[in-house]
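Participant:
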Amino acid sequence: MNLLYPTTYAFCITFFLIFSRGTMSSSFGSEITNPSSGFAFDLYQHVIKGKEQQNVVLSPLSIYTALGLAYMGAGGRTKEEMASVLRISTNATESKESFRRLLCKYKASSMLSIANKVYVQSGKNLQPSFVEASEKVFSSEADVINFSQSDVAAKTINSWVESKTNNKIQNLIDPSNLDSNTMMVLVNAIYFKGFWKNQFRKELTKKADFWTSETESVKVDMMSNNKAHYPYGVFEDLDAAAVELPFRDEDLAMLIILPNSKTGLPSLEAKLRSMDLFKLRQRMHSEEVIVSMPKFKIEFSIELNDVLSEMGMSSMFSDNADFSGLLNSAEPLKVSKVIHKAFIDVNEEGAEAAAATGHVIRKRCIQFTREFIADHAFIIALIATSNEDPSVAFLGCLKSYQPNKLHDEL
Numbered sequence: 001m002n003l004l005y006p007t008t009y010a011f012c013i014t015f016f017l018i019f020s021r022g023t024m025s026s027s028f029g030s031e032i033t034n035p036s037s038g039f040a041f042d043l044y045q046h047v048i049k050g051k052e053q054q055n056v057v058l059s060p061l062s063i064y065t066a067l068g069l070a071y072m073g074a075g076g077r078t079k080e081e082m083a084s085v086l087r088i089s090t091n092a093t094e095s096k097e098s099f100r101r102l103l104c105k106y107k108a109s110s111m112l113s114i115a116n117k118v119y120v121q122s123g124k125n126l127q128p129s130f131v132e133a134s135e136k137v138f139s140s141e142a143d144v145i146n147f148s149q150s151d152v153a154a155k156t157i158n159s160w161v162e163s164k165t166n167n168k169i170q171n172l173i174d175p176s177n178l179d180s181n182t183m184m185v186l187v188n189a190i191y192f193k194g195f196w197k198n199q200f201r202k203e204l205t206k207k208a209d210f211w212t213s214e215t216e217s218v219k220v221d222m223m224s225n226n227k228a229h230y231p232y233g234v235f236e237d238l239d240a241a242a243v244e245l246p247f248r249d250e251d252l253a254m255l256i257i258l259p260n261s262k263t264g265l266p267s268l269e270a271k272l273r274s275m276d277l278f279k280l281r282q283r284m285h286s287e288e289v290i291v292s293m294p295k296f297k298i299e300f301s302i303e304l305n306d307v308l309s310e311m312g313m314s315s316m317f318s319d320n321a322d323f324s325g326l327l328n329s330a331e332p333l334k335v336s337k338v339i340h341k342a343f344i345d346v347n348e349e350g351a352e353a354a355a356a357t358g359h360v361i362r363k364r365c366i367q368f369t370r371e372f373i374a375d376h377a378f379i380i381a382l383i384a385t386s387n388e389d390p391s392v393a394f395l396g397c398l399k400s401y402q403p404n405k406l407h408d409e410l
């Protein structure tokens, strides 16, 4: 008998880098084990610029992984810039171990899958050292493709992406992005489908106000659940409260950070760059909480060339880029386009609670029921909770209730 469970929380992420021929010219951090210690929130800060009214969802994990794969073939100034922004060691052995530890956290997950793919132009060969790193560290596959046949090449890549994201991400690459100068495409796809440990009951979902300003609101489908124990915290320094909703049978959870003020999200976002996620979670305690939050969907696409340049990785887009460790030839390469596409669907359905979460939480002596009502703009993060340095798989915000609108920056 096949048992089918409805989806509670779904994320689809795709990210790709296109390497093209560059023009030959003269060219001239402390290590962390995952992107959550600075990279994720730094990236988020740059992405949200100019998007005050837009819902956003992105995957620091996906972007970090794809950039890490490219980093395995970088040299010179390009390598130094990437190492600084990614916060990894320039030592090859240490950087490989950092990525290996990061990806191992998710390898055994039945809810979250990560896939990497390298497409290389017909007639070109990859450097053996890059092949070894991509296979052993990133579990990446490699295929030969003719980018001159742009329609066929785009269809091939898009079909692979669709197969890895349950058809949620479609038409990632337009044929116009590919031509005879394209030498390589690196693609990362992440798909997550989770079931709440403590499900939201459908009969408790009702129309309620979601405030988009101090005086304006829209009616949304507001989910609620019976009171249950969750990691919960009130943070005066952030002027916000947070609750962590675990998923069934996994060391994964969704962290929701809600500003106290209806218009407090910009102020909260400004504090994210210096936020230590581990210390934040240390300050959370197991409390009895009734959680209310809207059902929502967000689709988001963005070209990241400018964002990554602003973060300090401008060299890889220039004719001075050094990716001499990618191809087994002397042709200069540069990154011509970086595109990220994401989808999230949150609803109340799911299986009943099963195994206890692996997170050890301190309990307060005085117990009373809290109410956590996410009825105005808030931040969401999908995090791995299995060790002392939680990594951020997904990060986003719900600012306006427009579940069917695609925010496309391409």
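Counting in the numbering used here, the sequence shown runs without a single skipped number right up to 410 at its last residue.
C-beta atoms are modelled at their ideal positions from N, C-alpha and C, and glycine is treated no differently.
(1) Can you look up E73 in the DSSP assignment and give me helix, strand or coil?
(2) Within a Cβ cutoff of 8 angstroms, which residues of the same chain sit near M275, ignoring the five residues on either side of it in sequence?
(3) So what's S27 in DSSP terms, helix, strand or just coil?
(4) I need the DSSP call for T93, collapsed to helix, strand or coil.
(5) On the DSSP bridge assignment, give the partners of N116 in chain order.
(6) Taking its Cβ as the centre, do 16 or more other Cβ atoms sit within 10 Å of T93, making it buried, or is it exposed?
(7) Excluding five sequence neighbours on each side, which residues of the same chain lie with their C-beta closer than 8 angstroms to the C-beta of F247?
(8) Tell whether a beta-carbon distance below 8 angstroms holds between F422 and V137.
(9) Which residue's Cα is closest to the Cα of G233: V243, S224 and N226?
(10) Determine the extent of the beta strand (DSSP E) in which L277 is found, giving its start and end residues.
(11) Use the C-beta contact count for R283: other C-beta atoms within 10 angstroms, 16 or more gives buried, fewer gives exposed.
(12) Can at least three beta-carbon pairs, one atom from the region 372 to 380 and one from the region 314 to 328, be found at a separation below 8 angstroms?
(13) Alpha carbon to alpha carbon, how far is Q170 from G38?
(14) Return the chain-ordered list of same chain residues with a C-beta closer than 6 angstroms to the C-beta of L265, the five sequence neighbours on each side being excluded.
(15) So K295 and D174 are supposed to be a Cβ contact under 8 angstroms. How far apart are they, rounded?
(16) Among residues of its own chain, excluding the 5 on either side of L204, which ones have a beta-carbon nearer than 6 angstroms to its beta-carbon?
(17) Can you name the start and end residues of the alpha helix (DSSP H) that M311 belongs to?
(18) Mind checking who S217 pairs with in its DSSP beta bridge?
(19) Just reading off the alpha helix (DSSP H) that S129 is part of, what are its end residues?
(20) How would you call R201, buried or exposed, if buried means at least 16 neighbouring beta carbons within 10 angstroms?
(21) What do you reckon, are the CB atoms on A189 and V161 nearer than 8 angstroms?
(22) Hey, would you say L43 sits closer than 8 angstroms to M311, going by beta carbons?
(23) Is R77 closer than 8 angstroms to D345 when the C-beta atoms are compared?
(24) Measuring CB to CB, does I157 end up less than 8 angstroms from V131?
(25) Is Q121 helix, strand or coil by DSSP?
(26) Could you tell me which of I339, H340, E80 and S163 sits nearest to S95, measuring between CA atoms?
(27) If you compare alpha carbons, which of N91, F235, K164 and I339 is closest to Y64?
(28) Around the C-beta of T263, are 16 or more other C-beta atoms found within 10 angstroms, so that it is buried, or is it exposed?
(29) Taking the beta strand (DSSP E) that F378 belongs to, which residues open and close that run?
Facilitator: With the given structure in hand:
(1) Note on residue identity: the sequence assigns Gly, not Glu, to residue 73. Correct three-state label for G73: coil.
(2) Excluding positions up to five away in sequence, the list reads F41 and L238.
(3) Note that S27 scores a pLDDT of 31, beneath 50, so its modelled location is shaky and nothing firm can be said.
(4) Correct three-state label for T93: helix.
(5) Beta-bridge partners of N116 (DSSP): N188.
(6) Flag for T93 reads exposed.
(7) Here the set comprises T8, Y9, M111, G194, F195, W196, K197, A253 and M254.
(8) Outside the modelled stretch of the chain, which goes from 1 to 410, sits residue 422, for which no answer is possible.
(9) For G233, the nearest C-alpha among the options comes from V243.
(10) First-last for L277: L277 to Q282, but that is the alpha helix (DSSP H), not the beta strand (DSSP E).
(11) Exposed is the label assigned to R283, since fewer than 16 other Cβ atoms lie within 10 Å of its Cβ.
(12) Contact between the region 372 to 380 and the region 314 to 328 is absent, because fewer than three Cβ pairs lie under 8 angstroms.
(13) Cα-Cα distance, rounded: 30 angstroms.
(14) Contacts found: P259 and A377.
(15) About 31 angstroms separates the two Cβ atoms, so there is no contact after all.
(16) Non-local C-beta neighbours of L204 in its own chain, meaning closer than 6 angstroms and more than five positions away in sequence, comprise S224, ordered along the chain.
(17) First-last of the alpha helix (DSSP H) with M311: N305 to M311.
(18) Paired residues: W211.
(19) Per DSSP, S129 belongs to the alpha helix (DSSP H) from P128 to K136.
(20) Exposed, by the Cβ-count rule.
(21) Yes, the pair counts as a contact, with Cβ atoms nearer than the cut-off.
(22) Pairing L43 with M311 gives a Cβ-Cβ distance under 8 angstroms.
(23) Inclusion of D345 and R77 in the CB contact set at 8 angstroms is not warranted, their separation being larger than that value.
(24) Pairing I157 with V131 gives a Cβ-Cβ distance that is not under 8 angstroms.
(25) When secondary structure is reduced to three states using DSSP, Q121 falls in the strand class.
(26) The option with the nearest alpha carbon to S95 is E80.
(27) Nearest C-alpha to Y64: I339.
(28) Of the other Cβ atoms in all chains shown, fewer than 16 fall within 10 Å of the Cβ of T263; this residue is therefore exposed.
(29) Looking at the DSSP string, the run of the beta strand (DSSP E) that includes F378 is F378 to A384.
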